[in-house]
Amino acid sequence: MTDKFDTHSPSLTAPASGADPVIPSDTASLPVASRAIYVGGGGALAVELVGSPEDAVVTLQNVQAGMVYPLRVRRVRATGTTATGLVCFW
400 MTDKFDTHSP SLTAPASGAD PVIPSDTASL PVASRAIYVG GGGALAVELV
450 GSPEDAVVTL QNVQAGMVYP LRVRRVRATG TTATGLVCFW
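Position 46 of the sequence shown, counting from 1, maps to 445 under the working numbering, and the rest follow consecutively.
This is the structure:
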């Protein structure tokens with residue numbers, strides 16, 4: 400397949416070029432820092448953001464199902480996360 404944009408540097412406003420399902424963990428970081436997180440089933444989302452100190456957790460309450468949240472995440476914590484069907488876009 401030809402990719403007409405393969406010579407362009409990706410920016411933070413460019414569309415995602417890859418994705419992986421997220422398994423929340425209190426110890427393991429995502430393999431790649433995210434551009435965004437997709438939420439399949441609503442709930443709470445406890446994350447460590449890329450620019451925050453290690454172990455600084457932000458919990459987003461009532462994230463909605465079917466939404467993509469533009470967050471640069473290092474780790475999605477198991478403790479405090481009740482949202483399901485999470486996908487990391489990079």
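Heads up, the beta-carbon is just placed ideally off N, CA and C, and yes, glycines get one too.
These numbers come from a predicted model, not from an experiment.
Asked, Found
"Of the residues Gly442, Pro469, Cys487, Phe488, the one placed nearest Thr478, counting alpha carbons only", "Gly442"
"CB of Ser433 within 9 Å of CB of Phe488, strictly", "yes"
"Pairwise C-alpha distance: Thr481 and Val421", "13 Å"
"Close Cβ partners of Gly417 (< 8 Å) along its chain, the five nearest in sequence each way excluded", "Val431, Phe488, Trp489"
"Three-state secondary structure (DSSP) of Thr458", "strand"
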